[in-house]
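Residue numbers (my numbering), protein chains in the order written: chain A, 1177 to 1393; chain B, 1177 to 1393.
Yeah, the Cβ is synthetic: ideal placement off N, Cα and C, and Gly gets one too.
These numbers come from a predicted model, not from an experiment.
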DNA sequence: GATAAATAACTGACTGGTTAGTAATTAAAT
DNA sequence: ATTTAATTACTAACCAGTCAGTTATTTATC
């Protein structure tokens, strides 16, 4: 490096950063318009490159889809696990952290559009769907089940079919995210405050899971 | 030729039946493959006609989409309302009928794929989405709110934010339908029994909504 | 009641626009 | 000078929507 004039010229060649820039652009557009309706030209343009460049890093549109999931979501799961471990001794608190943490780390971000995306395209891209189930849905449910089981063990929650209840408890979270990325965008719906929604949900579930008062009917 | 074979010949012209046959074919395919991935040639073929015929009855692919919603779902809402009126004096029973009726009349049928469809395409077809919100989602929620309010009035359910709680209670129903039409199809997931799922959900909600025992904390 | 004319339902080849993916080419870095 | 990054121009396939023409059914005429 003899001379230093590079500050002005736009940096052109960024092999390391490109994949991340492209998956970020793809995530935005996939979430916004759906997978099928998103043109690879657009993805490239939003990342500031041409379509040809995109093909230097990803073999196909489907490969890009898979990368979006892998880069975007898989790391979040691990973060969530750590968050919960901090309250492993208090199941009620753990449940609360799950709900609000899910929203803070995932639902409220751009990633919150991924459930919509995956649900729509699962049939058309079975391999991506299987990856998503294995790496996201099952670990996420396992984490929820951990919360429930711990509550039962501590005598705070009553015994339930935890397989079914984990499914049921994930639903309002996913629904909140789906709603935001579908009808809330195009139809003027009475604005729903996520915090109030989660608070109501937490309240409902806590009472629904509470052990029946001492020997009561 | 002299011989008469007219009884054998398939009836060709069925002006009255066509739209219904076409929307039925479209529903199946839209649910199965998604709106964007469904070709109108396929829809026509499944209805036993050519693509040209489809355009005699529907102006565009979007118009067909709208017709699928209108013909398929809107009538169900009215059916649901009647079902609930039969138990207007018993809120717990009403809630139970809502959950299981929703599944029987809607979720378990082919129409159960429509929420997935609408969620995916709401952004791309705002007019269809607005119609769906107005004619399906809002009436459906109003019906649920009726159940809750009646329960509160009768002193069976505790007071809650019924706007938020209706949303929350719809979520596990929709989730069940979405699941069936996405991941359950392409990934070998441990089979989830809808009846058991609904039973668990009903149990959870009933306890979650119960008025706190006489003055208890 | 047979035949012809008119109409309604339907067909399938075609068009025009779109887009995933490729190949030829240029620019930059070492 | 060679390798790597990126662009541009291209291709091949796809599909919504059209339309000139065909077949079936109804109506009119004798």
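Legend entry - Other residues of its chain near residue 1186 of chain A: CB distance less than 6 Å, five sequence neighbours each side excluded: Confidence at residue 1186 of chain A is low in this model, with a pLDDT of 39, below 50, so its placement is unreliable and the value that follows should be read with caution. Taken in chain order, the list of residues that qualify is empty.
Inset, instruction - Answer with yes or no whether the minimum CB distance from residue 1292 of chain A to chain B is below 8 Å. - result: yes
Inset, instruction - For residue 1404 of chain B, return the contacting residues in chain A, with the cut-off set at a CB-CB distance below 8 Å. - result: The structure shown does not extend to residue 1404 of chain B, since chain B is modelled only from 1177 through 1393, so no value can be given for it.
Legend entry - Same chain, Cβ closer than 7 Å to residue 1192 of chain B, neighbours up to 5 away in sequence not counted: none
Inset, instruction - Using the Cα positions of residue 1259 of chain A and residue 1310 of chain A, report the straight-line distance between them to the nearest angstrom. - result: 21 Å
Legend entry - Within chain B, the residues that residue 1350 of chain A reaches when beta carbons sit closer than 7 Å: 1351
Legend entry - chain A contact residues for residue 1336 of chain B, given Cβ-Cβ distances below 9 Å: 1376, 1379, 1380
Legend entry - Same chain, Cβ closer than 7 Å to residue 1307 of chain A, neighbours up to 5 away in sequence not counted: 1242, 1245
Legend entry - residue 1366 of chain A: first and last residue of the uninterrupted alpha helix (DSSP H) it sits in: Where residue 1366 of chain A is concerned, there is no enclosing alpha helix (DSSP H), given that its DSSP letter is neither H nor E.
Legend entry - Cβ-based neighbour list, residue 1304 of chain A, same chain, cut-off 6 Å, excluding 5 preceding and 5 following: 1241, 1242
Legend entry - Whole alpha helix (DSSP H) elements within the stretch 1251 to 1317 of chain B, 4-residue minimum: 1267 to 1278, 1290 to 1297, 1302 to 1308
Inset, instruction - Following the continuous alpha helix (DSSP H) through residue 1381 of chain B, name the residue where it begins and the one where it ends. - result: 1370 to 1385
Legend entry - Environment of residue 1184 of chain B [buried if 16+ CB atoms lie within 10 Å]: Confidence at residue 1184 of chain B is low in this model, with a pLDDT of 32, below 50, so its placement is unreliable and the value that follows should be read with caution. Answer is exposed; the Cβ neighbour count stays below 16.
Legend entry - Element boundaries [alpha helix (DSSP H), containing residue 1229 of chain A]: 1227 to 1233
Inset, instruction - To the nearest angstrom, report how far apart residue 1199 of chain A and residue 1275 of chain B are at their CA atoms. - result: 40 Å
Inset, instruction - Spell out whether any CB of chain B is found under 8 Å from the CB atom of residue 1344 of chain A. - result: yes
Inset, instruction - Determine whether the Cβ of residue 1384 of chain B lies closer than 8 Å to any Cβ atom of chain A. - result: yes
Inset, instruction - Out of A:1368, A:1281, A:1221, point me to the one whose CA is closest to residue 1194 of chain A's CA. - result: A:1221
Legend entry - Span separating the alpha-carbon of residue 1302 of chain B from that of residue 1313 of chain B: 15 Å
Inset, instruction - State yes or no: is the beta carbon of residue 1209 of chain A nearer than 8 Å to at least one beta carbon in chain B? - result: yes
Legend entry - Residue-chain proximity (residue 1340 of chain A, chain B), Cβ-Cβ < 8 Å: yes
Inset, instruction - Please classify residue 1373 of chain A: is it buried, with 16 or more other beta-carbons within 10 angstroms of its beta-carbon, or exposed? - result: buried
Legend entry - Host alpha helix (DSSP H) of residue 1246 of chain A (start-end): 1237 to 1248
Legend entry - Limits of the unbroken alpha helix (DSSP H) element including residue 1330 of chain B: From DSSP, residue 1330 of chain B is part of no alpha helix (DSSP H); its letter is neither H nor E.
Inset, instruction - Please say whether residue 1330 of chain B and residue 1267 of chain B have beta carbons closer to each other than 8 Å? - result: yes
Legend entry - Host alpha helix (DSSP H) of residue 1351 of chain A (start-end): 1338 to 1356
Legend entry - Cβ of residue 1267 of chain A within 8 Å of any chain B Cβ: no
Legend entry - chain B residues whose Cβ lies nearer than 7 Å to that of residue 1315 of chain A: Simply none; closest approach about 14 Å.
Legend entry - Assigned exposure category for residue 1335 of chain A - 16 Cβ within 10 Å defines buried: exposed
Legend entry - Classification of residue 1364 of chain A by the beta-carbon crowding that lies within 10 angstroms, buried from 16 upward: exposed
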